[in-house]
Each structure stands twice: as C-alpha cells, then as structure tokens.
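Peer 1: I am attaching a structure below and will ask some questions about it afterwards.
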Amino acid sequence: MSKSNQFNNSIPEPNEYIKNLKSYSAPLENRRNLLRLDFNENTIGPSQKVFNAIKNIKINEISIYPEYDLLKNKVCLEYLKNRNFDIDEIGIFNGADAAINAICKAFGEKNKVFLTTNPTFGYYFPCAEMHGMIIKCCSYIGNNFKFPLENFFESIQKYKPKLIFICNPNNPTGSVISAEKIMEIANKNKKSLIVIDELYEKFYGDSLLPIIDFKKTKNIVIIHSLSKTAGLAGLRVGFAFGNEQIIKQINKVTGPYDVNSFAVAAANAALDDKEYIDNYVLKVKEARNWIQEKFESLDIRYNFNGGNYFLIWPNKEPQVLEKEMKDNGILIRNMQNKKDIDQSVRVSIGVMEQMKIFWKIYKKLDQ
Ligand SMILES: Cc1ncc(COP(=O)(O)O)c(C=O)c1O
C-alpha cells in the first residue's frame with residue numbers, strides 16, 4: 009500500500025502534509041529526580057517569588073479566563089534595561105514552541121522555501137512541513153561549526169525563501185551569527201520574514217533586541233522564552249517581538265487564552281526578579297568555564313560555543329554513554345540522527361555543583 013493510501017478505511021484522512029509528517033518527539037518521560045543535563049532547561053528551578061505567586065494565586069484567576077495586560081506591560085516597559093517596546097510589538101505564547109508554530113502558520117506557504125541551518129532545533133522542521141513548505145538547509149562549517157554565511161547568502165539569492173529561521177546561538181552547536189550580519193540579511197531581503205530564535209542568547213550576550221527598531225526593520229521576529237533562564241519550562245511562556253503588523257498576523261492564528269493563568273502569574277513574578285535570572289546565568293557561565301577547562305585536559309573532541317550546553321564526542325558509543333550516565337542518575341542527550349554530529353552527545357550546563365557531579369561520573373565511565 010502506498011504511503012498516501014495507508015489511511016484508507018482506518019481513520020478519516022488528515023491533511024496531505026500531516027499524513028507523512030514525522031512528528032517531533034523527545035525523550036521527555038521519567039526525568040524527575042535525575043540530574044537533567046539533557047534539555048538545556050534551567051537546572052535549579054525558578055525564583056522563590058515565582059513559587060509564592062503560584063501558591064497565592066486567587067480562586068478568581070483559576071475560574072476566570074486569563075488576562076495578559078499586566079504581563080504585556082511588564083515586558084514592554086521592563087524586559088530590557090534601556091529599551092521599551094510598544095505593547096503591539098509583543099506576542100505572548102505557550103512557550104517559544106507555540107510562537108514558532110504560529111509564525112509558520114501565519115507566514116508559511118505551500119511550495120515556498122523555508123531556509124535554515126542544519127543541525128538546528130528540530131521543531132522548526134515539522135512546523136514548516138505542515139504547511140507544505142520546501143525546506144532548504146545550510147551546513148555549519150568545520151570542526152567549530154562556524155555559521156555558513158556565504159552559503160546562506162547564496163541560498164537566499166537562489167531560493168528567495170519566504171521564511172528564514174536562524175537559531176542564535178544555535179541549538180545544538182552553539183554557533184553564532186553577529187547582529188550586523190542578521191541586519192544585512194534583513195535589509196537585503198525585505199520579502200523574507202527572518203525569525204531569530206534567541207532562546208540561549210543570555211548565555212552568550214549578543215541579542216538583537218536592545219538595538220533593533222521594529223518600525224524600521226519590519227521583517228525580523230525575535231523569539232525568547234522563560235524556559236532556559238527563569239526556570240519556567242513546565243509552565244510554558246515564550247515571547248515573540250516584532251513589527252506590530254507582523255505580531256498582529258501571528259496573533260490571528262493563536263487562541264485567545266492559550267497561555268494559562270498560572271503561567272501568567274509565574275511570568276510576572278519571574279520578571280519581577282530579574283536579578284535571580286541574571287545570577288543564574290552568571291552561575292552557568294562560571295560552571296561552563298570550569299567544565300571547559302576540564303575537557304581541555306582530555307584527548308577527545310569537544311565543542312563549546314554560545315548557549316548553556318556543549319558537545320562531546322565520547323570514546324564510547326554515544327547511546328551507550330547516555331544509558332550508563334542515566335544509570336548513574338545523569339541525563340544527557342545523544343545526537344543520533346543529527347547531521348554532522350551524530351557521534352556526539354549534548355550536555356547542558358548547570359551550576360558548578362552539578363557540573364562537578366557530571367564530571368566525576370563522566371570521567372569514570374568514558375576515560
Ligand atoms: C532553540 C530552541 N527554540 C525553542 C525551544 C522551545 O522552548 P520553549 O520551552 O519556550 O517552548 C527550544 C527548547 O529546547 C530551543 O532549544
């Protein structure tokens with residue numbers, strides 16, 4: 009039976025692109041009580057203010073649909089030092105994933121090109137495919153995974169992509185592209201919507217957000233989230249920043265109450281305690297320097313770039329190391345099936361005590 013016929017007589021047919029779509033799956037179950045260095049989440053949890061806000065939530069906030077203005081205003085006025093946004097330049101989503109999905113829904117088009125890099129964050133691909141887009145990818149360059157600037161510019165010329173997604177720093181290689189180059193891409197390609205996924209930017213520190221003027225640059229959308237820094241991955245809060253006309257289109261394809269009241273209360277509290285986030289980022293950077301030095305003393309391949317994660321090419325088969333680390337209470341992620349890095353494992357960077365535990369077990373198992 010051909011692939012397209014396999015639904016006959018079993019279930020009503022989904023749309024033509026969903027039928028053959030490979031769903032995005034991640035090993036998300038049974039992660040509690042382990043040291044989680046597998047999903048690049050904040051590894052110590054949110055600020056006490058977030059717990060208090062959730063504990064003190066009013067019954068009204070549970071029985072009434074959520075309200076967003078307080079959070080929106082907070083993001084507009086206080087998200088960045090020295091930079092205010094207009095309320096219409098911000099969209100609030102059920103995690104960055106929902107923002108990515110909504111952008112593809114609003115701007116993705118059948119037979120138009122979706123350009124990105126490879127390897128990169130896996131969820132981009134089903135989001136583009138479900139709208140019948142043609143995916144084109146540029147590979148990173150060399151052992152350090154340099155951003156493929158030249159190839160990227162050539163591909164833009166050749167394919168005239170409708171959507172361009174750049175993960176900066178890139179998950180999982182940590183590769184970065186400068187704000188200047190992104191602006192060059194945007195200025196030369198006014199018909200393309202350029203999405204800059206800055207989920208890990210705080211761990212690197214070269215965000216476009218403080219300098220971009222969305223009234224002048226209308227074809228860039230920047231994505232942020234409270235999962236990786238503020239510790240709200242389980243509550244799901246993400247932001248999209250862009251020109252008000254673009255945000256308006258993206259908002260058209262999201263439900264009016266998609267972000268729930270607990271998430272809103274937690275996000276408000278997290279943004280009230282930005283010091284906590286900054287401290288966490290600082291601790292991760294410290295731990296990163298420490299663990300990088302440790303790897304420098306070993307004779308194995310490793311890759312430290314932007315982001316709160318690194319890659320190593322272990323002596324053991326990646327799947328074996330992953331399993332043995334798990335048996336010792338530590339989750340890491342093997343990069344099986346990821347282009348150019350399939351023999352590596354990705355390790356998230358937590359705080360110093362956590363990296364010391366990781367190092368002790370890793371050394372015992374692989375060195
Ligand atoms: C690059 C990138 N973008 C988006 C996401 C999704 O983040 P969120 O938890 O906000 O949905 C992730 C999560 O791993 C990611 O790595």
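All residue numbers for the sequence shown refer to the numbering used here, where the first residue is 9 and numbers rise by one. Note that CB positions come from ideal geometry on N, CA and C, so glycine has one too. Since the model is a prediction, treat every value here as computed from it, not as a measurement.
If I follow the unbroken beta strand (DSSP E) through residue 317, where does it start and stop?
Peer 2: Looking at the DSSP string, the run of the beta strand (DSSP E) that includes residue 317 is 317–321.
Peer 1: Beta carbon of residue 241: closer than 7 Å to some heavy atom of ligand 1?
Peer 2: Answer for residue 241: yes, Cβ within range of ligand 1.
Peer 1: Excluding the 5 residues preceding and the 5 following residue 46 in the sequence, name in chain order all residues of the same chain whose CB lies nearer than 6 Å to its CB.
Peer 2: Excluding sequence neighbours, residue 46 sits near 339, 340 and 341.
Peer 1: For my contact list, residue 200 and residue 169 are in at a C-beta cut-off of 8 Å; report their separation, rounded to the angstrom.
Peer 2: Contact holds; Cβ gap of about 5 Å.
Peer 1: With C-beta atoms as the reference, is residue 42 less than 8 Å away from residue 337?
Peer 2: Yes. Within cutoff.
Peer 1: Of the residues 306, 347, 351 and 317, which one's Cα is nearest the Cα of residue 328?
Peer 2: Ranking 306, 347, 351 and 317 by Cα distance to residue 328 puts 351 first.
Peer 1: Can you name, in chain order, every residue of its own chain whose Cβ lies under 6 Å from the Cβ of residue 231, other than the five neighbours on each side?
Peer 2: Excluding positions up to five away in sequence, the list reads 104, 107, 205 and 248.
Peer 1: What would DSSP say about residue 40, mapped onto helix, strand or coil?
Peer 2: Note: residue 40 maps to coil in three-state DSSP.
Peer 1: If you reduce the DSSP assignment to three classes, tell me which class residue 109 lands in.
Peer 2: Three-state DSSP puts residue 109 in a helix.
Peer 1: Can you pull every residue whose C-beta falls closer than 5 Å to some heavy atom of ligand 1, listed in chain order?
Peer 2: In chain order, the hits are 103, 104, 105, 129, 175, 179, 205, 207, 233, 235 and 246.
Peer 1: Mapping DSSP to helix, strand and coil, what is residue 296?
Peer 2: Residue state, collapsed to three classes: helix.
Peer 1: Counting only the same chain and skipping the five closest in sequence on each side, list residues whose C-beta sits under 7 Å from that of residue 3.
Peer 2: Because residue 3 is not part of the residues shown, which for the chain are 9 to 375, the question remains open.
Peer 1: Is residue 171 helix, strand or coil when you go by DSSP?
Peer 2: Reduced to three states, the DSSP call for residue 171 is strand.
Peer 1: Do the region 241–261 and the region 123–143 touch if we need at least three Cβ pairs shorter than 8 Å?
Peer 2: Not touching, per the Cβ criterion.
Peer 1: Quick one: what's got a C-beta closer than 7 Å to residue 238's C-beta in the same chain, skipping five residues either side?
Peer 2: So the qualifying residues of the chain are 50, 54, 278 and 285.
Peer 1: Within the chosen definition, does the region 208–221 reach the region 309–320 through at least 3 CB pairs nearer than 8 Å?
Peer 2: Counting Cβ pairs under 8 Å, three or more are found: they touch.
Peer 1: Leaving out five residues on either side along the sequence, give the residues of the same chain with a beta carbon under 6 Å from the beta carbon of residue 143.
Peer 2: Correct list, in chain order: 122 and 136.
Peer 1: Using C-beta distances below 6 Å, list every residue in its chain close to residue 83, excluding the 5 sequence neighbours before and after it, in chain order.
Peer 2: So the list reads 98, once near-sequence residues are dropped.
Peer 1: Using a Cβ-Cβ cut-off of 8 Å (strictly less than) and excluding sequence neighbours within five positions of residue 25, which residues of its own chain qualify?
Peer 2: Counting only Cβ-Cβ distances below 8 Å, and skipping sequence neighbours, we find 137, 138, 139 and 140.
Peer 1: Give the DSSP bridge partners of residue 354, in chain order.
Peer 2: According to DSSP, which records beta bridges pairwise, residue 354 is partnered with 319 and 341.
Peer 1: Could you please give the first and the last residue of the uninterrupted beta strand (DSSP E) stretch that includes residue 233?
Peer 2: Run containing residue 233: 228–233, per the beta strand (DSSP E) assignment.
Peer 1: List the whole-angstrom C-beta distance separating residue 179 from residue 345, where the pair is believed to meet the contact cut-off of C-beta under 8 Å.
Peer 2: In fact, because the Cβ distance is near 15 Å, the residues do not count as touching under 8 Å.
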